[in-house]
Amino acid sequence: MSETVHRVPDGFGARIGPRELAELNALADAQPDRFWLDQAKRLTWNKSPTEAGDWSFDEDTFGIRWFADGELNLSVNCLDRHLPAHGDRVALIFEADEPGQGRSMTYRELYEETCRFANLLKQRGVKRGDRVMIYMPMIPEAAAAMLACARIGAIHSVVFGGFSPESLAGRIDDCDACAVITADEGVRGSKYIPLKRNVDAALEEGDVPTVIVVKRTGADVPMKRGRDIFYSDWRDALATECEPEVMNAEDPLFILYTSGSTGKPKGVVHTTGGYAVWVATTFDWVFDYRSEDIFWCTADIGWVTGHSYVVYGPLLNRATSVMFDGVPNYPDFGRFWETVDRLGVTIFYTAPTAIRALEREGDDWVTRYSRRSLRLLGTVGEPINPDAWEWYYRVVGDSRCPVVDTWWQTETGGILISPFPGATDMKPGSATKPLPGIKPLLVDAQHNVLEGATSGNLCIASSWPGQMRTVWQDHGRFFETYFKAYPGLYFTGDGCRRDEDGYYWITGRVDDVINVSGHRIGSAEVESSLVSHRKVAEAAVVGYPHDIKGQAIYAYVTLNAGEEGDEDLRKELIQEVRHDIGAFSAPEKIHFTPALPKTRSGKIMRRILRKIAEGATDGFGDTSTLADPTVVDALLAGRQ
Ligand code: 6R9
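If you count by full-length UniProt numbering, then the sequence shown holds residues 1 to 640, one letter each, in order.
Here's what the structure looks like:
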């Protein structure tokens, strides 16, 4: 296979070059405890940790702790400690849906807003350890709400505003939240999102004592007496100081729900100390952070990328972070680059799906803007195809800016595999090499660890500070999901190739998780939504390659006797999934079939379904174990 290699562009002048990187790697290998305790010094602790990692991936001794005797408060680390010398520095630049309609917030302003929010939560009886849902647009108050939880020791759980009331209700119920923070409405791509009404619908199934509503559009929304309050009615009376709770490093900071291969979404739990050390460190390393940077990560705070690289990573490093509440194609396809020029963005971090969508619209949308301020580009969320990488590098970055392809997961807290922009030669399509202290392994189905240039399932052999600690209220599921398949290792769920230079090429999920536009969707969740329709008997959902989205959803549906699969039913089923989960989970294709390919023991052979969805007409492998091999012909005849 011929591969292009791009060297670090001349003049990039990174702080960490090849020699410094080699030193970091050597220290992480030789003296891991010292290495991690050194990284922990990036934070301000009430009590400095004396121990680094204390963990075991083995069933008998299973457990993960980092910096366990350390004590700190994360809002103090993101805000208070910067105030004496840098209170007037801009912490957040809010870029609204309408270009130029935003505002910025200094560190002092964000501190005061956070304290106000924290005081309001306390007045409403929210205490240390309580769970608070955040269902908000990308406005600075959303970051203040997260930091306010951190300040009083409450555990936040942010739910992406694109999720349906049903999904929100499921999460509120799972973590037994005592408050919801939301906005009247969101605005994206000039469309209004009825956030407060969604919250009301979600709470019909199980209420909470407090709903705090931030006014974003000023829309008239129903308010329930005693439960719902407008933040703006209270704000000016709230104190701008709030004593922070001193937290143990291992106290939970947040729960973030993510889709897995089976069952309902898992509440991924991250704790305070280790997570903070990891995002502070990786933000600095991977983005080669400098004090004059304007950092723009386009992710929503409803996903882990927004937690780690819109809010916590940048603020821990005293950076200026852009919070974008719009979409790449509004008002037109030049939005990103117009905004880059107007705000002077130096580091830009987005998803491959956005890059592919913009590439398709032509270079002119890019080249009409100068993009002179840019010095570094990044991607995350899904594999990037080499073509899109090259376009990003050459057209967007004018071949001046390194591209960091960063591989990581909700579970990993922060980036694990990525180039160092000033030190690592780049190969388009490869996330390159593990960060210092990270030990990836490729393993085959028989548990053999594979050496050299090879392909296999990606596992990680040892813990790192940002690793998730448990599944909320289900430690057993944590072990089963990630540590059971390959004893002694963390299994990522991804397939991967390693080349002769030791570069890692993530090939995508090997489980039943579908990655649509960088959003993780569990096939089981979509299937359960489809079968909840009264006409549907069974459903099986797989991913298939899609030019822009990376993957799209292909649903096979069998109907109850006497039902007819027609266009109207297709629309109804798509509507059903939008309603149950959210629009981003809607199947692209629905294939009505009389039967699904099942083994004699009744297991659906997804391998065959994936092949047919991809457009294959043969090469289905061994089909002799199918209860009824003629099913395959029927499926082929009905391909969508
Ligand atoms: C951060 C985030 C995690 C899954 C992961 C993998 C895919 C993420 C990637 C990538 C190839 C990259 N993924 N980054 N695949 N190259 N640079 O996206 O978290 O939403 O939990 O998704 O996304 O399949 O397992 P999350």
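Ideal Cβ positions, reconstructed from N, Cα and C, are used throughout, including at glycine.
Where do the ends of the beta strand (DSSP E) carrying residue i lie?
{"i": "residue 714", "result": "This structure cannot speak to residue 714, because the chain is shown only from 1 to 640."}
{"i": "CYS496", "result": "490-498"}
{"i": "GLY518", "result": "Here GLY518 belongs to no beta strand (DSSP E), and DSSP marks it neither H nor E."}
{"i": "PHE348", "result": "347-350"}
{"i": "HIS156", "result": "155-158"}
{"i": "VAL443", "result": "440-443"}
{"i": "VAL199", "result": "Segment 195-203 is the alpha helix (DSSP H) holding VAL199; no beta strand (DSSP E) there."}
{"i": "ALA91", "result": "90-95"}
In angstroms with no decimal places, state the Cα-to-Cα distance between residue i and residue j.
{"i": "ASN248", "j": "LYS122", "result": "20 Å"}
{"i": "ILE93", "j": "PHE336", "result": "14 Å"}
{"i": "VAL187", "j": "GLY638", "result": "40 Å"}
{"i": "LYS215", "j": "GLY206", "result": "24 Å"}
{"i": "LYS127", "j": "VAL211", "result": "15 Å"}
{"i": "HIS595", "j": "GLY619", "result": "Looking at the sequence shown, residue 595 is not His but Ala. About 20 Å."}
{"i": "GLY302", "j": "CYS242", "result": "26 Å"}
{"i": "ARG131", "j": "ALA169", "result": "14 Å"}
{"i": "residue 652", "j": "TRP66", "result": "Lying outside 1 to 640, the shown extent of the chain, residue 652 is not represented and no answer is given."}
{"i": "THR240", "j": "VAL345", "result": "30 Å"}
{"i": "residue 642", "j": "THR353", "result": "As displayed, the chain neither begins before 1 nor continues past 640, which places residue 642 out of reach and without an answer."}
{"i": "ALA91", "j": "ALA445", "result": "47 Å"}
{"i": "LEU72", "j": "THR44", "result": "7 Å"}
{"i": "SER190", "j": "PRO328", "result": "12 Å"}
{"i": "VAL5", "j": "ALA431", "result": "13 Å"}
{"i": "ASN119", "j": "LEU238", "result": "7 Å"}
{"i": "ALA26", "j": "THR507", "result": "28 Å"}
{"i": "VAL8", "j": "ARG356", "result": "23 Å"}
{"i": "HIS270", "j": "THR470", "result": "8 Å"}
{"i": "GLU338", "j": "TYR192", "result": "23 Å"}
{"i": "THR630", "j": "GLU614", "result": "19 Å"}
{"i": "ALA539", "j": "SER321", "result": "43 Å"}
{"i": "PRO137", "j": "PRO165", "result": "15 Å"}
So, for residue i: in the same chain, excluding its five sequence neighbours on each side, which residues have a beta-carbon less than 7 Å away from its beta-carbon?
{"i": "PHE57", "result": "PHE483, GLY488, LEU489, TYR490"}
{"i": "VAL279", "result": "SER308, TYR312, GLY313, LEU316, GLY413, GLY414, GLY466"}
{"i": "LEU147", "result": "SER75, CYS78, LEU79, THR114"}
{"i": "THR61", "result": "none"}
{"i": "ALA319", "result": "TYR289, ASP293, PHE295"}
{"i": "ARG520", "result": "THR258, SER259, VAL513"}
{"i": "GLU112", "result": "THR240"}
{"i": "THR558", "result": "ALA537, GLU538, THR593, PRO594, ALA595, LEU596"}
Compare the C-alpha of residue i against each of the options and name the closest.
{"i": "GLY263", "options": "ASP474, ARG375, VAL187, MET223", "result": "ASP474"}
{"i": "SER48", "options": "ALA68, GLN409, ASP54, ASP33", "result": "ALA68"}
{"i": "ILE181", "options": "ALA537, LEU376, ASP228", "result": "ASP228"}
{"i": "VAL202", "options": "GLU563, LYS191, VAL557, SER167", "result": "In the sequence as displayed, the identity of residue 202 is Ala instead of Val. Answer by Cα proximity: SER167."}
{"i": "GLY100", "options": "PRO331, THR106, PRO428, ARG290", "result": "PRO331"}
{"i": "ARG400", "options": "LEU374, PRO545, CYS297", "result": "LEU374"}
{"i": "ILE574", "options": "ALA561, GLU563, TYR556", "result": "TYR556"}
{"i": "ASP54", "options": "LYS41, PRO252, TYR504, ASP33", "result": "ASP33"}
{"i": "LYS535", "options": "VAL526, SER164, GLU572", "result": "GLU572"}
{"i": "ASN385", "options": "ALA40, HIS546, ILE608", "result": "HIS546"}
Considering residue i, what are the terminal residues of the alpha helix (DSSP H) in which it resides?
{"i": "PHE336", "result": "335-343"}
{"i": "SER75", "result": "74-78"}
{"i": "ALA555", "result": "No alpha helix (DSSP H) contains ALA555, which is instead part of the beta strand (DSSP E) from 550-559."}
{"i": "VAL589", "result": "In the sequence as presented, Val is not what sits at residue 589; that position holds Lys. Run containing LYS589: none in the alpha helix (DSSP H); it sits in the beta strand (DSSP E), 589-592."}
{"i": "TRP36", "result": "32-40"}
{"i": "THR367", "result": "364-367"}
{"i": "VAL631", "result": "631-637"}
{"i": "ASP54", "result": "First-last for ASP54: 53-56, but that is the beta strand (DSSP E), not the alpha helix (DSSP H)."}
So what's residue i in DSSP terms, helix, strand or just coil?
{"i": "ASP228", "result": "strand"}
{"i": "TYR275", "result": "helix"}
{"i": "ILE301", "result": "coil"}
{"i": "PRO545", "result": "strand"}
{"i": "ARG103", "result": "strand"}
{"i": "ILE612", "result": "helix"}
{"i": "HIS533", "result": "coil"}
{"i": "TRP464", "result": "coil"}
{"i": "CYS178", "result": "coil"}
{"i": "TRP472", "result": "coil"}
{"i": "TYR504", "result": "strand"}
{"i": "ASP405", "result": "strand"}
{"i": "residue 641", "result": "As displayed, the chain neither begins before 1 nor continues past 640, which places residue 641 out of reach and without an answer."}
{"i": "HIS307", "result": "helix"}
{"i": "ASN25", "result": "helix"}
Grab me the residues of residue i's own chain with a C-beta within less than 6 Å of its C-beta, minus the 5 sequence neighbours each way, in chain order.
{"i": "ARG81", "result": "THR44"}
{"i": "ASP628", "result": "none"}
{"i": "VAL158", "result": "ILE134, ILE301, GLY302"}
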